[in-house]
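Taking the numbering used here, the leading residue of the sequence shown gets 1, the next gets one more, and so forth.
Data first, discussion second: the structure below is written as structure tokens.
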Amino acid sequence: MIHHWRTTAVSLATLLSALSLGIAGAEPAASPAKADAASCVRPDFRIVLDVGHTAKSPGAKSARGADEFDFNLRLAKQIDQALLEAGFAKTVLMVTDGRANQSLYARVARANDLSANLLLSIHHDSVPDKFLEKWDYNGKRKTFSDRFKGHSIFVSDDNIDPKDSLLFGSILGQQLKARGLQYTPHYTESFMGRWKRVLLDAIVGVYRYDTLFVLKKTQMPAVLLEAGSIANRDEELEMASPERQQLISAAVVDAVDRFCAAQSDKPALQIAKRSKARHVLSAHSHRRVRER
1 MIHHWRTTAV
11 SLATLLSALS
21 LGIAGAEPAA
31 SPAKADAASC
41 VRPDFRIVLD
51 VGHTAKSPGA
61 KSARGADEFD
71 FNLRLAKQID
81 QALLEAGFAK
91 TVLMVTDGRA
101 NQSLYARVAR
111 ANDLSANLLL
121 SIHHDSVPDK
131 FLEKWDYNGK
141 RKTFSDRFKG
151 HSIFVSDDNI
161 DPKDSLLFGS
171 ILGQQLKARG
181 LQYTPHYTES
191 FMGRWKRVLL
201 DAIVGVYRYD
211 TLFVLKKTQM
221 PAVLLEAGSI
231 ANRDEELEMA
241 SPERQQLISA
251 AVVDAVDRFC
261 AAQSDKPALQ
271 IAKRSKARHV
281 LSAHSHRRVR
291 ER
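See below:
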């Protein structure tokens, strides 16, 4: 869970239509024979799957007392397997150790060293404490909130490439929606207080969250996915099911494939600039890790 852009002037309609994203209901993964898939060289495209939180700083507690980190790791492993099986051979599953603050610098430094094309950070959501209620589960007192359910997608305008971050976020949202999954709109409500966010794509649920460290400091397009609310008692069970994990994984594979296809026409100069900035920040991040 996350409790922590200047608006990017981007025409999503133009960007998404260029990718031929018209989807009538959930469909199987795109065939390699299709034009958009054929333009993506899957073995050359590297995505980093960042497992949110760490074993020592495990994030939110589910309605039944399980750690968010465990949910994040299970889903990320399923997505990793699906991407590798789809031909994205350079996929990296990134699991970080340590306490919260130190692990943030470590994961950013490692991600930037990998010279990746994209970062996707995997999380599961909860709610602010004021919405939590108590219940007994297996004879123990636990907290829950059934008030909200659904996924949410976050991007930062402070990322080196906010335009492509938003593009991937919207593509991912479209793929999740095509499979019958709905985003949660509650981040737009005033009762969220300091956790209220600007909704950039109201069709598929992409929010702006500038200060997220892993999004603003990584030197590649970056998106954070809150896959669902584990504070919600019903959705917690759904998120733990292999069927839901496979559904989300299929959505990620199709989204990465379409985003990869869009990147194939990116000018070499733009890629070179991003690579140079990546190395500068990586050196700085390594220094911060050593200092801690």
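Think of the CB as a built atom: it goes at the ideal place given N, C-alpha and C, for glycine as much as any other residue.
(1) Rounded C-beta distance between residue 310 and residue 151? I'm assuming under 8 Å.
(2) Does the distance from the CB of residue 222 to the CB of residue 122 come in under 8 Å?
(3) Does the beta-carbon of residue 79 have 16 or more other beta-carbons within 10 angstroms, so that it is buried, or is it exposed?
(4) Buried or exposed, going by whether 16 or more other CB atoms sit within 10 Å of the CB of residue 264?
(5) For residue 156, count neighbouring Cβ atoms within 10 angstroms of its own Cβ and tell me buried if that reaches 16, exposed if not.
(6) Buried or exposed for residue 202, please, with buried defined as at least 16 other CB atoms from any protein chain shown within 10 angstroms of its CB.
(7) Between 46, 47, 42 and 225, which has its C-alpha nearest residue 184's C-alpha?
(8) For residue 92, report the span of its beta strand (DSSP E) as first-last.
(9) Whole angstroms are fine: how far does the CA of residue 233 sit from the CA of residue 158?
(10) Residue range of the alpha helix (DSSP H) that residue 136 falls in?
(11) Take residue 53 as the anchor and find which of 164, 167 and 106 has the nearest alpha-carbon.
(12) Using the Cα positions of residue 248 and residue 168, report the straight-line distance between them to the nearest angstrom.
(13) When we look at the beta-carbon of residue 211 and count the other beta-carbons within 10 Å, is it buried (16 or more) or exposed?
(14) Could you tell me whether the segment 54-65 touches the segment 135-155, using the rule of 3 or more Cβ pairs below 8 Å?
Reading it off the structure:
(1) Past the boundaries of the shown model lies residue 310; the chain is included only from 1 to 292, so the question cannot be answered.
(2) no
(3) buried
(4) exposed
(5) buried
(6) exposed
(7) 225
(8) 92-94
(9) 35 Å
(10) Run containing residue 136: none in the alpha helix (DSSP H); it sits in the beta strand (DSSP E), 133-137.
(11) 106
(12) 15 Å
(13) exposed
(14) yes
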